[in-house]
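The sequence shown begins at 3 in this note's numbering and counts up one residue at a time. Glycine is no exception: its CB is placed at the ideal position from the N, C-alpha and C atoms. Remember, predicted model here, so these are calculated numbers, not experimental data. Reading through the structure tokens given below for one structure.
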Amino acid sequence: MTHNSRAWSHEEFEQRLREQGKAYHIYHPFNVMLNDGHATPEQIRGWVANRFSYQAAIPLKDAAVLANCDDRLVRQEWIQRILDHDGYNINGKKDEGGIEAWIQLGLAVGLSREEIIDFRHVTPGVRYAVDAYVNFARTRPWQESVCASLTELFAPAIHKQRLATWPEHYPWIDTKGLSYFRNRVAQARRDVEHGLNITLNYFRTREQQEKALDILKFKLDVLWQMNDAMALRYGLPDQLPAQPRPTTPRESIIS
Ligand code: AHQ
């Protein structure tokens with residue numbers, strides 16, 4: 003930790019945030035298995051059912067950010083995230099929302115609505131990681147939760163990877179079930195633009211900027227841990243090389 007060094011410029015700070023992408027869960031063997039076409043239907047159903055617990059928690063996390071945020075203009079933007087996921091019916095304008103789209107993905111891979119929404123398939127490791135993220139947002143300054151959401155810097159790539167590979171590898175999945183990923187590419191880009199601007203301007207000293215990197219690493223660990231738990235529960239193909247995770251150690255973010 004280099005507390006007394008000069009602060010990074012916005013460009014340098016953004017570069018350091020983006021460099022953390024090498025530890026994004028796109029590189030996790032479970033995700034590689036999914037997007038390389040080596041997943042069985044049972045592994046895919048397990049992934050969709052477990053990741054539903056993360057998707058369903060995002061509005062709770064975002065509501066916690068709103069509850070902690072005293073900046074009306076930030077709230078005006080941030081509330082869109084809840085509408086994106088929960089859906090809405092405002093003055094006759096309706097949108098089913100991302101959580102319903104994820105349930106449609108579940109139906110497309112052969113799960114029932116009931117077994118998706120009752121979380122019966124969610125493993126303890128996934129539940130624990132999701133709860134850690136929601137509790138982080140409830141207990142930390144809202145700006146820190148904004149910083150944690152910046153794993154979405156890397157999300158368009160993973161959504162586009164699924165859209166590009168699943169139809170070919172898993173023709174048994176109705177492509178209407180992939181609409182969540184189609185919608186999320188543009189939403190993630192919009193969210194990142196907003197979150198990055200807040201992050202670059204809030205974490206000003208070098209020590210604060212280093213803390214921001216640790217917060218991002220915490221959230222990268224949340225996503226990585228979900229994949230670890232699913233790999234343990236649903237297995238990995240033998241031929242997948244065990245790859246060491248390309249990450250740097252992080253300080254505790256609970257200060
Ligand atoms: O579908 C995802 C989503 O709505 C969000 C919100 C955002 C946040 O606030 O932390 N992160 C996130 C992510 C979503 N999908 C993940 C995936 O791999 O499908 C990626 C994840 C993220 O990068 O944080």
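Segment contact, 8 Å Cβ cut-off, at least three pairs: the stretch 135-153 with the stretch 203-217: yes
Looking at the strands, I want to know which residues DSSP matches up with ILE200. For ILE200, which the question treats as bridged, DSSP gives no partner whatsoever.
Among ALA58, VAL111, ASN33, which has the Cα closest to the Cα of PHE121? ALA58
Rounded to whole angstroms, what is the Cα-Cα separation between LEU36 and ARG8? 43 Å
Boundaries of the beta strand (DSSP E) in which ASN137 is found, first to last residue: DSSP places ASN137 in no beta strand (DSSP E) but in the uninterrupted alpha helix (DSSP H) bounded by 126-141.
SER55 burial status per 10 Å Cβ neighbour count (16 or more: buried): Here SER55 is buried. Its C-beta has 16 or more other C-beta atoms within 10 Å.
heavy atom of the ligand AHQ below 7 Å from PHE220 C-beta: no
For the beta strand (DSSP E) containing ASP97, list its first residue and its last residue. 95-97
Is it the case that the Cβ atoms of VAL128 and MET228 are separated by a distance below 8 Å? Yes; because the gap between Cβ atoms is below 8 Å, this pair is in contact.
Report yes or no: do the stretch 104-115 and the stretch 13-29 share at least 3 C-beta pairs separated by less than 8 Å? no
Backbone secondary structure at ILE1 - three-state DSSP: This structure gives no information on residue 1, because the portion of the chain shown stretches from 3 to 257.
By a C-beta neighbour count over all protein chains shown, 10 Å radius and 16 as the cutoff for buried, is ARG83 buried or exposed? It counts as buried.
Does ILE28 come out as helix, strand or coil in the three-state DSSP assignment? helix
Could you name the residues of the same chain whose beta carbon sits closer than 6 Å to that of GLY179, not counting the 5 residues immediately before and after it, in chain order? GLN106, LEU107, ALA110
Taking only three categories from DSSP, how would you classify TYR172? Coil at TYR172, not helix or strand.
Would the stretch 47-54 count as touching the stretch 159-170 if we require 3 or more Cβ pairs under 8 Å? no
Cβ-Cβ distance between VAL124 and LYS63 below 8 Å: no
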